[in-house]
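Below you'll find the structure, written out as structure tokens, and then a few comments.
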Amino acid sequence: MDFESIDFLIVGCGFLGSVLAERLANDLNQRVLIIDKRNHIGGNCYSEIEPITGIEYHKYGTHIFHTSNQKVWQYINKFTDFNSYFHQVLTTYHDKVYQMPINLETINSFYGINLKPYEVDGFLAKEISKEINIDKNNFEGKAISLIGRQLYEAFIKGYTLKQWQKEPSELPASLLSRLPFRKNYNESYYFSRWQGIPLNGYKNIFEKLLKSPKIQVKLNLDYFDIRHLIHQNTKIVYSGALDKFFDYKFGPLEWRSLKFDLEIKNVMDFQGTSVMNYAAHDIPFTRIHEPKHLHPEREFNEKNTLIVKEYPLIDSKMEPFYPVNDEKNQKIVLQYKELAILDPDLYIAGRLGDYKYLDMHETIDSALNIYENIKNKYYEK
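For the sequence shown, the working numbering gives the first residue as 6, with consecutive numbering after it.
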């Protein structure tokens with residue numbers, strides 16, 4: 006492989022790397038090599054067809070595209086159309102199904118009452134007043150201070166224990182920002198202006214993003230096996246794990262991983278929705294995905310369906326998915342980022358590179374911003 010013939014090496018074929026490759030090749034006429042150690046493009050957003058059922062599923066868990074960012078929405082619509090899928094999540098607790106995130110229907114159903122929206126604050130205030138000496142600086146204390154102990158222990162505690170494999174009292178309160186709470190009957194998981202599923206799946210988007218003849222794609226290729234071959238003038242965009250890039254100089258960061266088990270069920274519809282959470286700690290998986298519900302516009306056979314059980318893992322040998330973004334890890338992150346800025350031709354970003362939980366639209370926005378930075382820095386002088 007001739008590394009001297011490229012202008013940019015991009016590590017990772019997810020949205021960050023693929024959007025940057027598309028912009029650099031098509032707008033700046035740059036020669037780009039994009040590599041991935043996996044055997045497919047698309048990163049964690051990759052989708053494929055399960056051959057027996059013919060159902061397209063998201064290989065790494067259900068991905069709902071949603072955004073209120075007009076720049077991102079206009080950009081991604083150059084590469085796909087979206088269906089009208091509207092995302093809601095349900096959760097099973099003690100063999101009963103509730104709305105999730107917690108809303109007025111969840112509260113009324115759980116307590117067997119009939120509150121009106123204007124009565125919710127008063128009701129929860131009485132629940133919260135039962136608690137004393139709550140430490141609001143950790144996840145558990147903050148949650149109890151907002152919704153009371155009973156709702157917390159039913160819908161939040163067990164799920165969080167499974168998901169993070171840590172006591173919620175050991176997790177930062179900031180994680181609660183990803184858990185919406187409603188005092189009305191709004192069932193939407195997102196408040197985003199636009200949401201949906203790509204009509205032709207995620208794989209199709211990445212094929213279009215990377216189709217330029219200026220872009221070379223190499224799969225099953227690990228950056229750390231070839232980095233000694235890279236020419237010193239090549240600019241690098243890296244979207245892998247931040248700590249690994251610097252050979253764990255300041256110590257390893259903590260990551261949460263996932264395992265997915267596919268099952269074919271000989272029924273037309275297994276659970277009636279795309280995502281069902283399982284709140285209780287004694288059920289080992291956190292969610293069951295049924296991907297046929299993501300495409301109401303498609304026709305499927307009535308003989309079977311595909312479900313995907315999601316299991317959380319904390320294992321250094323597994324593929325990293327999510328950062329454990331607490332104070333201890335953030336101190337290590339800052340040390341790595343201070344080292345990264347010393348190289349002006351190196352860009353480290355994405356969920357793994359930034360050590361941040363980024364949704365797809367946020368990753369695309371980051372890629373477009375990095376592109377503008379590169380363009381202004383090197384090509385508009």
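Quick reminder that beta carbons are idealized off the backbone N, C-alpha and C, glycines included.
The way I'd put it, the stretch 231-249 does touch the stretch 17-32; three or more beta-carbon pairs between them come closer than 8 Å. Runs of the beta strand (DSSP E) lying entirely within the stretch 36-81 and spanning at least 3 residues, in chain order: 37-41, 52-54, 61-63 and 70-72.
The alpha-carbon of PHE250 is positioned some 40 Å away from that of ILE139. Relative to GLN93, the option among SER279, ALA26 and GLU302 whose CA is nearest is SER279.
Cβ neighbours of SER10 within its own chain (closer than 7 Å, five residues either side excluded): ARG36. Its Cα nearest to that of SER182, the residue LYS147 stands out among LYS131, LYS147 and GLU55. Under the 10 Å beta carbon count, HIS294 is surrounded by 16 or more other beta carbons and is classified as buried. Uninterrupted alpha helix (DSSP H) stretches at least 4 residues long and entirely within the stretch 282-357 occur at 332-345, given in chain order. Between HIS63 and LEU224, the CB-CB gap reaches or exceeds 8 Å.
DSSP lists no beta-bridge partner residue for THR85.
Rounded to whole angstroms, the gap between the alpha carbons of LYS380 and LEU33 is 8 Å. Here ILE54 is exposed, its C-beta having fewer than 16 other C-beta atoms within 10 Å. In the three-state DSSP reduction, ASN374 falls in the helix class (H, G or I). Comparing alpha-carbon positions, the option among GLU367, LEU38 and ALA26 lying closest to ARG232 turns out to be LEU38. At least 8 Å separates the beta-carbon of PRO177 from that of LEU166. Beta-carbon to beta-carbon, PRO317 and THR291 are separated by about 6 Å, close enough to satisfy the 8 Å threshold. Looking only at LYS162, GLU175 and LYS264, the smallest Cα-Cα distance to ALA284 is reached by LYS162.
Inclusion of TYR207 and ILE40 in the CB contact set at 8 Å is not warranted, their separation being larger than that value.
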